[in-house]
Amino acid sequence: MHYNYEEVIQKIEDTHRFGNLPGVEVTGQMLKTLDRHGLSVPYVHVAGTNGKGSTCAFLYAILKEAGYKVGCFTSPHLIDFRERITVDGQMISKEDVERIGNELLSVSYTVCPTMFDYCVMLAVLYFEEQNCDFAIIETGLGGRLDSTNALGTPEACAITRIGYDHMAILGDNLEAIASEKAGILKKGVPAVIAGQEPEALDVLLSHCPDAYVVTDADKMRVAAYRPGLLGAYQYENAAVAAAVAEIILKENVAKQACIEKGIHRAKWPGRMEILSEEPFFMVDGAHNSDGVRALKRSLEELYPGEQFHFVMGVMADKDYEEMLDLLCPIALDFVTVTPDSARALQGQKLAEFVRERGIGARSVQSIEEVLSLPIPGERTIALGSLYFIGDLKRLWFI
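Below, the structure is given as structure tokens:
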């Protein structure tokens, strides 16, 4: 049976989000069934809790400046499924998703692939077909057991800042979470690590003693390049990307110019992205306390002394109470929404948590209602689940 594009996406999305077997085993078995040993394109593997996507965006922009054909695999998507798989900044075509998707769906594996496993394999086949010079591969969840960890030996690894997220799966302390992320580190493969809490850094360096740890001096250096992504926290992500580029570009005579231009020209939707200057409306995919802490710090630097209207929709498995504790001191009020996901926290419940902290809050029934919220002369910030941010952006630009 041949499926059209919409049917391929539906078939892939209908598979279980989390499988019974670890993703690394499932994707490994899919590769074996397809008589492949991994990703034949040289690639960089990126793990971490916050900043993975931004780091990938900076690294992509640098490698593009160096003249390479670059594939990029990230997740989740904001608006279009095809955002997950790009080559030279262009999304995979619907025709290619349909063709490769049918190829993958027609095979009988001895395991049950999840949506993410299919996405990884789509990227592998597409990047190879496109003869990419490099690929940038972002982990989905964790590292050690992640589907992307079946792809072989990368040219370099990067681990962004580690915090508390997906604790039910990865562990409830930083050492346990760091140990899972460290699973992407391979013997003999250069690694770059963002600044970490001491307990996380100790674990990472025990796995890879020679890893390069980004310094404050590195962050100051890239800040001077005026990163294309807003927010002080992006200096660290840019510094990680720059350090990886130093490894990849080696003796490239234009290496420094490529790093500077790439960092300045990088784009990454949904991260401190200003949709409208007047009335001011910014969206940010901060969906855990570390992400909110970074967002708050950046808002305070960009708009000192100001307070903000916040629009927020989160998943029930996030540390939303700590997120609220961080935001309330700079909040005028909150509007809460229920993201379109089975894992969503009900907006009404989130509003109750806000009111308990002495801040005004109300919930709205639909994301469409959010579009009329920005007030002239004031600043409105929408944040939380990337599903929510994606739905909001799609409606905003209709």
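Residue numbers (our numbering): -19 to 378.
Even glycine gets a Cβ: it sits at the ideal position worked out from N, Cα and C.
Remember, it's a predicted structure, so these values are computed and weren't measured experimentally.
Is residue j closer than 8 Å to residue i when the C-beta atoms are compared?
i: I164; j: Y23; result: no
i: V263; j: G242; result: no
i: L279; j: F290; result: no
i: G168; j: V193; result: no
i: P189; j: A136; result: no
i: T316; j: M292; result: yes
i: R277; j: C308; result: no
i: I(-8); j: M95; result: yes
i: L351; j: L325; result: no
Between which two residues does the alpha helix (DSSP H) containing residue i stretch?
i: V272; result: 269 to 282
i: E226; result: 214 to 229
i: G47; result: Segment: none, G47 is in no alpha helix (DSSP H) and carries neither H nor E.
i: A156; result: 154 to 161
i: E108; result: 95 to 109
i: E(-14); result: -15 to -7
i: A180; result: 178 to 187
Of the choices the options, whose alpha-carbon is the least far from that of residue i?
i: D305; options: R79, M295, I339, G370; result: I339
i: E179; options: V169, K161, N153; result: N153
i: R273; options: Y300, K74, G293; result: Y300
i: R79; options: E349, A204, Y(-15), P259; result: Y(-15)
i: V220; options: L185, P309, S256, I173; result: I173
i: K166; options: V(-12), L185, I347; result: L185
i: I239; options: H17, H(-18), Y40; result: Y40
i: L366; options: Q345, P259, R323, R16; result: R323
i: D313; options: V21, L325, E286, D297; result: E286
i: V344; options: V21, G327, A156, G357; result: G327
i: A225; options: L58, A203, A138, L19; result: A138
Which residues mark the beginning and the end of the beta strand (DSSP E) in which residue i is found?
i: D320; result: Counting along the chain, D320 falls outside any beta strand (DSSP E), and DSSP gives it neither H nor E.
i: F61; result: Counting along the chain, F61 falls outside any beta strand (DSSP E), and DSSP gives it neither H nor E.
i: S86; result: From DSSP, S86 is part of no beta strand (DSSP E); its letter is neither H nor E.
i: I254; result: 253 to 257
In this structure, what does DSSP give as the bridge partners for residue i?
i: L363; result: D264, M292
i: E118; result: V26
i: C137; result: H25, A171
i: C308; result: According to DSSP, C308 bridges with nothing at all.
i: R342; result: V315
i: F53; result: I65, I117
i: M71; result: T66
i: V193; result: I173
Stretch pair the region -3 to 16 + the region 24 to 44: three plus CB contacts closer than 8 Å: Short answer: they don't touch.
Should the region 44 to 64 be regarded as contacting the region 95 to 108, the criterion being three or more beta carbon pairs within less than 8 Å? yes
Contact between the region 39 to 47 and the region 231 to 240 is defined here as three or more beta-carbon pairs at a separation below 8 Å; is this criterion met? The region 39 to 47 makes contact with the region 231 to 240, as at least three CB pairs between them are under 8 Å.
Are there three or more Cβ pairs, one per stretch, closer than 8 Å when the region 156 to 163 is compared with the region 131 to 142? yes
Do the region -13 to -3 and the region 209 to 228 touch if we need at least three Cβ pairs shorter than 8 Å? no
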